[in-house]
Amino acid sequence: MESEEIKIGVYVCHCGINIGSTVDVEQVRDSVSELPNVSISRDFKYMCSDPGQALIRKDIEERGLNRVVVAACSPRMHEPTFRKTIQQAGLNPYCVEIANIREQCSWVHEDKADATDKAVKLVCSAVAKASLLEPLEEKEVEIAPRALVIGAGIAGIQASLDIADAGFQVYLVEREPSIGGHMAQLDKTFPTLDCSACIMTPKMVEVERHPNIELLTYSKVIEVGGYIGNFNVKVKKKPRYINMDRCTGCGLCAEACRLKGRITSEFDVGMGKRSASYIPFPYAVPSKYTIDAEHCLFLTKGKCGKSPACKDACTADAVEFEQKEEIVELDIGTIVVATGFDLFDATEKPEYGYGLYDNVLSGLEFERLVSSSGPTQGKIAIGGKDPKDVVFVQCVGSRDKSVGNEYCSRVCCMYTAKQAYLIHEKLPDARLTIFYIDIRAFGKGFEEFYDRVREEGVRYIRGNVSEIIKKGDRLLVMAEDTLLGEPIDVEADLVVLATGIVPRADVRELMNLLKISQSPDGFLLEAHPKLRPVDTASDGIYIAGCCQGPKDIPDTVAQAKGAASSAMTKMSQGKVKVEAIIASVDPFICRGCGRCVEACEYGAPELQEAEPGILVSEVNDSLCKGCGACAVACPCRAISMKHFKNEQIFSQIEAVI
Amino acid sequence: MNKGFEPNIVGFACNWCSYAGADLAGTSRIKYPPNIKIIRVMCTGRVTPAFILKSFQNGADGVLVAGCHPGDCHYIAGNLKCEKIMDVVKRLVGILGIGKERLRLEWVSASEGGRFADVVTEFTEQVRELGPLSGKSQG
């Protein structure tokens, strides 16, 4: 069948000195030049550069090469680059094979002779496979012009607005009753001291009014199938027990609720109370009430007085206890994940007395305390009195191996400075002390703000707090001043812990849902740490905001705009090439046993009746993801996994040993 | 210059986790012995017993199969399918006299560059101690 003579060009890259310093590139080039089918082998300083790629194209055209081997960095890095290169010269893009002699050779070995030997083996293996490579067909499918955005904090909101403004339909899913996320909980934002709500609410309202955005609040994505362009998504809408069309947001139900003031408010992080029928915060979007099924007497006990008080109080007849959860099915082209973060649980640092003493607060709790929309309308009072001494402890749960978080949370230095400033504004006589490890004021205007806070008289002490204990009705903060090298005790009426950012507790569930990975710190993993910061390993799924790693609001917004732009790029192309590396069945060998059907997680192979009474498996190209499990399961080798065929891998094994 | 016995080790790594983990070892410049040569597959679920046997037949002294941690598989459960197959292949190589210590299945995630290097270093040492499987692999 293959009458064409195989002519392989081998290109060995120096990668500057990255490969060249540990691998003798010229020796590699010469050792493989005599291999069967190799018609030319060359080396070049940077194969991925323009002249490097031009060299390959020129050889293809002039020497009639039909297979190419590039020995360079990982195929995860530049395989797409070289596929494009050879395609430009008229070859099928799948006729290139990469030998990974950088990440898996020159960077991990020291002895030049050993590294060179290994590089030769790796190139031999690539040449062997290249000899057997077959052109593959890339089919195109339409991309649904609809995006799913998961999480409606500032990242999700910004991404949704951008995508919707570009003319694509957006489904914005938020599990809480209101959009807004953590940013809505903040009082003021550093370093400009903008009121968070004032800059946030217009965006929230815009999302609600946007004709291209459909808001799915109090909802959760429960299933994601399909692939880029054609994701099949199922969203579970929890019942609010309130008719969204009828509810006017007047709040009579919450007033009437028999549990009024008895349920901890999630939005106020435990600093305030709410009813079972509630709106998380005054400027919530949508401005509709929700009856909390976990607490509501009628929903938990089946009885609330003679009849539910909220239902009696509602003049719009909006209370509907008969509501059931609803599953919404969506056909989606691209997905932006913007699920945000959790706050470090300070009880993991028992020495700080958090959870034990009422006047030890987390950063977010203080934020609600100082906020004018908070439970005290912004009055900072501890036991009814203005605090005279306030101590801030930085890096709680960040840069701390003892709790498993090596990373810096990036926002705590600045939010602590801001919170100190806010106290200083309200209580100018309060003595403010901040214990820090290092001050990281790296952003625009950060260093200036930090200076300003110090000039206002806030005392910065470099040192780790070892323990916080009760002293009368005050607290005693014990620490070591690491600049002076001596212990220091500071009394305080209020201690604020600069609790750091941690991955969402249910991040694993999300990863399984979307088939995306996490980095060692537990946050979602980007496709490349520098060059593809919003992409994931799964095509068509992008990440934005703190789900990818701790970041402040401007960085979050920038990343959200980046993710939106990536999603829009794909959708505006209208079509996408689907995986060409898929399984195929030889119907003459297949005996229709169905093992492949059992092995496949995606329902790609299906038994079809080829002739009356004769079953043959057939693979649905657009469902196949190319894992190869069916090829292993097939007892008669009727299934071959394109690009990873048995013969191809056998040839690699032979060449590599 | 006789450096003593240097084992030949063939590695099969899945594209999404372990191959990426191996790349990360490289990006992080974590050193490990050069004996292993990796063949990339999309999923460990693609590793058929024939790949293992062929490797030993051609002179490998050890075979390492590395995939995603359970629950992390890019293809849902290819790694678990591989685990089942490896259990059988291990028994088989035991029966064949190759020795099941020469075949290892490990889970290495995309973020575990250090772990990849540790696994390879440790497995290389183990195979080195076991000695050559056949005359062919000497040197």
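If you read the protein sequences in the order shown, they are chains A and B.
Whatever position you read off the first sequence (first residue = 1), add 77 for this note's numbering.
Whatever position you read off the second sequence (first residue = 1), add 414 for this note's numbering.
Built from N, CA and C at the ideal position, the CB exists for glycine as well.
Terminal residues of the alpha helix (DSSP H) in which residue i lies
{"i": "A/THR158", "result": "152-165"}
{"i": "A/ALA575", "result": "Per DSSP, A/ALA575 belongs to no alpha helix (DSSP H); it is in the beta strand (DSSP E), 571-576."}
{"i": "B/TYR433", "result": "432-441"}
Residue i: first and last residue of the uninterrupted beta strand (DSSP E) it sits in
{"i": "B/LEU478", "result": "476-481"}
{"i": "A/TYR76", "result": "The requested residue 76 of chain A is not part of the displayed model; chain A covers only 78 to 734."}
{"i": "A/PHE519", "result": "Here A/PHE519 belongs to no beta strand (DSSP E), and DSSP marks it neither H nor E."}
{"i": "A/GLN181", "result": "Neither: A/GLN181 is in no beta strand (DSSP E) and is coded neither H nor E."}
{"i": "A/CYS472", "result": "466-473"}
{"i": "A/LEU249", "result": "246-250"}
{"i": "A/ALA660", "result": "660-662"}
{"i": "A/PHE512", "result": "508-513"}
Straight-line gap, residue i to residue j (C-alpha atoms, nearest Å)
{"i": "B/GLY553", "j": "B/PHE419", "result": "Bear in mind that the predicted position of B/GLY553 carries a pLDDT of just 39, short of 50, making it too unreliable to give a figure here."}
{"i": "B/LEU517", "j": "B/THR535", "result": "15 angstroms"}
{"i": "B/ARG443", "j": "A/VAL655", "result": "34 angstroms"}
{"i": "A/SER596", "j": "B/ALA434", "result": "12 angstroms"}
{"i": "A/LYS607", "j": "A/MET154", "result": "12 angstroms"}
{"i": "B/MET500", "j": "B/LEU510", "result": "15 angstroms"}
{"i": "A/ASP616", "j": "A/ALA637", "result": "17 angstroms"}
{"i": "A/LYS456", "j": "A/ASP264", "result": "12 angstroms"}
{"i": "A/LYS206", "j": "A/SER643", "result": "34 angstroms"}
{"i": "B/VAL461", "j": "A/VAL89", "result": "28 angstroms"}
{"i": "B/ARG505", "j": "A/LYS722", "result": "25 angstroms"}
{"i": "A/LYS314", "j": "B/VAL522", "result": "37 angstroms"}
Amino acids of chain B, ordered along the chain, whose beta-carbon sits closer than 7 angstroms to that of residue i
{"i": "A/ASP191", "result": "PRO448"}
{"i": "A/PHE727", "result": "LYS468"}
{"i": "A/LYS592", "result": "HIS488"}
{"i": "A/ARG339", "result": "Near A/ARG339 there are no residues of chain B at all, since even the closest Cβ is about 39 angstroms away, more than 7 angstroms."}
Whether residue i touches residue j by CB criterion (8 angstroms)
{"i": "A/LYS401", "j": "A/PRO288", "result": "no"}
{"i": "A/ILE514", "j": "A/VAL535", "result": "no"}
{"i": "A/VAL437", "j": "A/ILE545", "result": "yes"}
{"i": "A/CYS201", "j": "A/LEU142", "result": "no"}
{"i": "A/ALA708", "j": "A/VAL696", "result": "no"}
{"i": "A/ALA353", "j": "A/CYS373", "result": "yes"}
{"i": "A/ALA148", "j": "A/ALA176", "result": "yes"}
{"i": "A/LYS702", "j": "A/ILE220", "result": "no"}
{"i": "A/LEU700", "j": "A/TYR679", "result": "yes"}
{"i": "A/ALA575", "j": "A/CYS489", "result": "yes"}
{"i": "B/SER432", "j": "B/PHE530", "result": "yes"}
{"i": "A/ASP477", "j": "A/ALA582", "result": "no"}
{"i": "A/VAL146", "j": "A/LYS652", "result": "no"}
Reduced DSSP category for residue i - H, G, I as helix; E, B as strand; rest coil
{"i": "A/ASN307", "result": "strand"}
{"i": "A/ASP706", "result": "What sits at residue 706 of chain A in the sequence shown is Ala, not Asp. Note: A/ALA706 maps to helix in three-state DSSP."}
{"i": "B/LEU547", "result": "coil"}
{"i": "B/ALA427", "result": "strand"}
{"i": "A/GLN685", "result": "strand"}
{"i": "B/GLN552", "result": "Summary for B/GLN552: the model assigns pLDDT 42, below 50, so the residue's position carries little reliability, and this model does not support an answer."}
{"i": "A/THR278", "result": "helix"}
{"i": "A/LEU112", "result": "coil"}
{"i": "B/THR538", "result": "helix"}
{"i": "A/ALA556", "result": "strand"}
{"i": "A/GLU215", "result": "coil"}
{"i": "A/GLU731", "result": "helix"}
{"i": "A/TYR492", "result": "helix"}
{"i": "A/CYS272", "result": "strand"}
{"i": "A/SER208", "result": "helix"}
{"i": "A/ILE593", "result": "coil"}
{"i": "B/LYS514", "result": "helix"}
Chain-ordered neighbours of residue i on chain B, where CB pairs are closer than 8 angstroms
{"i": "A/HIS91", "result": "Result: empty, since nearest Cβ-Cβ is about 16 angstroms, beyond 8 angstroms."}
Minimum Cβ-Cβ distance from residue i to chain C less than 8 angstroms
{"i": "B/VAL455", "result": "The displayed structure is made up of protein chains A and B, and chain C is not among them."}
Partners in chain A for residue i, counting only beta-carbon separations shorter than 8 angstroms
{"i": "B/GLY545", "result": "Result: empty, since nearest Cβ-Cβ is about 17 angstroms, beyond 8 angstroms."}
{"i": "B/LYS445", "result": "VAL185, HIS186 and GLU187"}
Interface partners of residue i on chain B, CB under 9 angstroms
{"i": "A/GLN164", "result": "Near A/GLN164 there are no residues of chain B at all, since even the closest Cβ is about 21 angstroms away, more than 9 angstroms."}
{"i": "A/LEU199", "result": "LYS451 and ILE452"}
{"i": "A/ALA706", "result": "CYS457, GLY459, ARG460, TYR489, ALA491, GLY492, LYS495 and CYS496"}
{"i": "A/LYS311", "result": "Within chain B, no residue comes near A/LYS311; the closest Cβ sits about 17 angstroms away, beyond 9 angstroms."}
Contact list for residue i against chain A, beta-carbon separation under 7 angstroms
{"i": "B/ASN577", "result": "In this structure chain B extends from 415 to 553, so residue 577 of chain B is not present and cannot be described."}
{"i": "B/ALA480", "result": "Simply none; closest approach about 12 angstroms."}
Closer than 9 angstroms at the beta carbon, the chain A residues around residue i
{"i": "B/GLY418", "result": "Correct list: empty, because the minimum Cβ distance to chain A is about 13 angstroms."}
{"i": "B/PHE465", "result": "ASN723, ILE726, PHE727 and ILE730"}
Contact test: residue i Cβ vs the ligand COA heavy atom, cutoff 7 angstroms
{"i": "B/ILE490", "result": "No copy of the ligand COA appears in this structure; indeed no ligand is present at all."}
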